[in-house]
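Numbering (this note's numbering), first residue to last: 336 to 569. Cβ coordinates follow ideal geometry from the N, Cα and C atoms, glycine included. Please read these numbers as outputs of a predicted model, since none were measured by experiment. Structure first, then comments.
Below, the structure written as structure tokens:
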């Protein structure tokens with residue numbers, strides 16, 4: 336997710352410095368897209384006005400932000416830390432307080448739209464931020480890779496909104512999978528079933544984009560089940 340988001344930033348004229356826990360990935364990104372390479376999150380922060388984090392879970396965020404050579408130790412006063420990770424609201428509040436004590440702004444900004452949304456610059460960003468002025472300052476940066484972006488409230492509100500999003504998606508995907516399984520077991524042509532019911536109240540993005548691959552047992556792309564389980568466990 337982070338690589339295409341950073342590419343959109345570079346393409347929009349932003350000066351981008353990248354760090355990845357896999358150093359070779361960061362070097363490869365710079366070779367393809369230009370920009371700067373950093374050997375630690377702190378080094379990124381020392382060179383940036385806005386620092387964006389996009390990793391896997393709460394522990395990953397703590398390591399990158401609060402750990403040895405973490406971003407917080409290099410953030411300058413009046414800079415802004417943005418966490419795009421889907422993580423807990425409690426962590427967002429913790430990071431917001433830590434940033435505030437250092438004179439740094441913070442936004443929890445989980446995204447929806449998946450890898451395709453990141454590649455196409457069409458993500459939805461749900462933001463939590465204690466100060467409207469901080470959000471307003473970073474909003475033009477989000478526009479490089481987002482089709483929609485909104486401040487939902489104070490720190491943690493972005494993560495809570497993402498939980499609503501994930502609960503909705505998980506419910507729809509589960510229902511669609513059960514329905515398609517029923518159709519096949521009943522001897523119906525699943526593609527024809529979807530074609531007709533998609534024109535009624537059952538229609539959804541998941542039905543339009545995932546039903547055909549579900550019927551054919553093709554699940555080696557898109558959002559991994561283990562990450563959805565992680566999100567729902569938050």
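### Task
Tell me whether residue 482 sits in a helix, a strand or coil according to DSSP, three-state version.
Here residue 482 is taken as the residue at index 147 of the chain shown, counted from 1. Here DSSP, grouped into helix, strand and coil, assigns residue 482 to strand.
#### Entry: Closest residue to residue 339 among 566, 484 and 456 (Cα-Cα distance)
Numbered from its first residue, the chain shown carries residue 339 at position 4. Residue 456 is the option with its Cα nearest to residue 339.
### Query
Do you know whose CA, among 452, 466 and 352, lies nearest residue 375's CA?
Here residue 375 refers to the residue found at position 40 when the chain shown is read from its first residue. It is 352 whose Cα lies nearest to the Cα of residue 375.
### Task
Please determine, among 459, 342, 460 and 387, the residue with the shortest C-alpha to C-alpha distance to residue 367.
Here residue 367 corresponds to residue number 32 of the chain shown, with the count starting at 1. The shortest CA-to-CA distance from residue 367 to any of 459, 342, 460 and 387 is the one to 342.
### Message
Between residue 542 and residue 511, how many whole angstroms is the CB-CB distance? I'm expecting something under 8 Å.
### Response
Taking the first residue of the chain shown as position 1, residue 542 is located at position 207. Taking the first residue of the chain shown as position 1, residue 511 is located at position 176. Yes, residue 542 and residue 511 are in contact; Cβ-Cβ is about 6 Å, under 8 Å.
### Task
Could you tell me how far apart the beta carbons of residue 458 and residue 481 are, in whole angstroms, since I believe they sit closer than 8 Å?
Position 123 of the chain shown, counting from 1, holds the residue named residue 458. Position 146 of the chain shown, counting from 1, holds the residue named residue 481. The pair is a contact, with the Cβ atoms about 5 Å apart (cut-off 8 Å).
#### Entry: Sequence-distant residues of the same chain with beta carbon closer than 6 Å to residue 344, five excluded per side
Numbered from its first residue, the chain shown carries residue 344 at position 9. Shown here for residue 344: same chain residues with a beta carbon closer than 6 Å to its own, the five before and five after excluded, namely 351 and 479 in chain order.
### Message
Cutting at 8 Å between CB atoms, please list the residues of its own chain near residue 406, excluding the five before and the five after it.
### Response
Numbered from 1 along the chain shown, position 71 holds the residue referred to as residue 406. Within the same chain, residue 406 has close Cβ partners 376, 377, 379, 380, 386, 388, 399, 400 and 416.
### Query
What are the start and end residues of the beta strand (DSSP E) that includes residue 462?
Taking the chain shown and counting its residues from 1, one reaches residue 462 at position 127. That run of the beta strand (DSSP E) goes 458-463.
### Query
Nearest-angstrom Cα distance between residue 564 and residue 408?
As a first step, residue 564 must be located in the chain shown, where it is residue number 229. As a first step, residue 408 must be located in the chain shown, where it is residue number 73. The straight-line gap separating the alpha-carbon atoms of residue 564 and residue 408 is approximately 32 Å.
### Task
Measure the CB-CB distance between residue 445 and residue 360 and report whether it falls below 8 Å.
Taking the chain shown and counting its residues from 1, the one referred to as residue 445 is at position 110. Taking the chain shown and counting its residues from 1, the one referred to as residue 360 is at position 25. Residue 445 is not a Cβ neighbour of residue 360, given a cutoff of 8 Å.
### Query
Smallest Cα separation from residue 413: which of 364, 423 and 472?
On the chain shown, residue 413 is found 78 positions in, with the first residue counted as 1. In terms of CA proximity to residue 413, 472 leads the group 364, 423 and 472.
### Query
Considering only residues of the segment 411-475, which uninterrupted beta strand (DSSP E) runs meet the minimum length of 3 residues and lie entirely inside it, listed in chain order?
For the segment 411-475, whole beta strand (DSSP E) runs of length 3 or above, ordered along the chain, are 415-418, 440-443 and 458-463.
### Task
For the beta strand (DSSP E) containing residue 387, list its first residue and its last residue.
Looking up residue 387 in the chain shown gives position 52. Per DSSP, residue 387 belongs to the beta strand (DSSP E) from 385-388.
### Query
Is the segment 435-443 touching the segment 546-556 in the sense that three or more CB pairs, one from each, lie closer than 8 Å?
Contact between the segment 546-556 and the segment 435-443 is absent: fewer than three C-beta pairs spanning the two stretches fall below 8 Å.
### Query
How big is the Cα-Cα spacing for residue 474 and residue 484?
As a first step, residue 474 must be located in the chain shown, where it is residue number 139. As a first step, residue 484 must be located in the chain shown, where it is residue number 149. Each residue's alpha carbon lies about 8 Å from the other.
### Message
Suppose you measure from the CA of residue 402 to the CA of residue 507; what does that come to, to the nearest Å?
### Response
The residue labelled residue 402 in the question sits at position 67 within the chain shown. The residue labelled residue 507 in the question sits at position 172 within the chain shown. Residue 402 and residue 507 have their alpha carbons spaced roughly 38 Å apart.
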